[in-house]
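Right, one structure below, let's go through it.
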Amino acid sequence: QKEVEQDPGPLSVPEGAIVSLNCTYSNSAFQYFMWYRQYSRKGPELLMYTYSSGNKEDGRFTAQVDKSSKYISLFIRDSQPSDSATYLCAMLMSGNTPLVFGKGTRLSVIA
Amino acid sequence: DAGITQSPRHKVTETGTPVTLRCHQTENHRYMYWYRQDPGHGLRLIHYSYGVKDTDKGEVSDGYSVSRSKTEDFLLTLESATSSQTSVYFCAISDPSGQSPTGELFFGEGSRLTVL
């Protein structure tokens, strides 16, 4: 079993839909949880970061962490065609340990 | 954008030839990483460095070596390239004890390598 599991999709939604992206993990030592967005032929860029359990909101994006269930989510409200990208979850135990990535979910938002 | 430059951005080479990819940063971040990204596998860590001349292996280090003689440069070498090393290679940096204490990574634009 991989440490971090993420459904690769692809996921296709109409413009304006609410998108839910999810990852599960097995290592309870993970403390920092991140979501990266990667546009085609570009490097990943940090989208959201959360520490421990709880929610964090940034505009149309909400990151949610449930450590008891070892489950993290990214919600995108009012999705736009410009949100079409691959979304990778990532997590680490401490700042000095390598980041562990999910495989990424490819999202297409159709106008 | 974080100051990370990868070179070359595209390279086609033949099996058995040596290849070196370069990552150059202007952020003075302590940690540097090399990942490869392949369909169905996501991002996989090859090697990383936590300081000048300090490196460690990642999950897919076989067939790769690295060197870091200066803070700003991290080189990835394929001593004898094979077709299985055809991939997109990403360099990343982080600074967990300084500018980004949570350890988030900043990525370069990627180097696309094709081994024929």
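Protein chains in written order, with the numbering used here: chain A, 739 to 849; chain B, 6 to 121.
Yeah, the Cβ is synthetic: ideal placement off N, Cα and C, and Gly gets one too.
Bear in mind the structure is a predicted one, so any value in this text is a computation, not a measurement.
Asked: Residue from B/V57, B/E109 and B/S12 with nearest C-alpha to B/L26; Found: B/S12
Asked: Within-8 angstroms CB hit, A/Y825 to chain B; Found: no
Asked: Best match in B/E64, B/F111 and B/Y69 for proximity to B/T22 [C-alpha to C-alpha]; Found: B/Y69
Asked: Per DSSP, cross-strand counterpart(s) of B/S99; Found: B/Y36
Asked: Cut-off 6 angstroms between Cβ atoms - residues of its own chain near B/D100, not counting five sequence neighbours on either side; Found: H34 and R35
Asked: Chain A contacts from the segment 68-95 of chain B (Cβ-Cβ distance under 9 angstroms); Found: V93 and F95
Asked: Same chain only: Cβ atoms within 7 angstroms of A/L784, ignoring 5 sequence neighbours per side; Found: M772 and Y774
Asked: Listed by chain order, chain B residues near A/L784 by CB distance under 7 angstroms; Found: E109
Asked: Opening and closing residue of the beta strand (DSSP E) in which A/Y825 lies; Found: A823 to L830
Asked: Extent of the continuous beta strand (DSSP E) to which B/V120 belongs; Found: S116 to V120
Asked: Cβ-Cβ distance between B/G63 and A/P782 below 8 angstroms; Found: no
Asked: Pick from A/T824, A/S806, A/K740 and A/T800 that is closest to A/I814, judged by C-alpha positions; Found: A/T800
Asked: Residue-level contact to chain B via CB, A/K841, 8 angstroms cutoff; Found: yes
Asked: Backbone CA spacing between A/Y825 and B/E109 [nearest angstrom]; Found: 15 angstroms
Asked: Close beta carbons around A/I756, own chain, < 6 angstroms, minus the five adjacent residues each side; Found: R815
Asked: Residue closest to A/S764, alpha-carbon to alpha-carbon, out of A/Q818, A/R844, A/Q744 and A/G842; Found: A/Q744
Asked: Chain-ordered chain B contacts of A/M829 [CB-CB under 8 angstroms]; Found: Chain B residues near A/M829: none, gap ~10 angstroms exceeds 8 angstroms.
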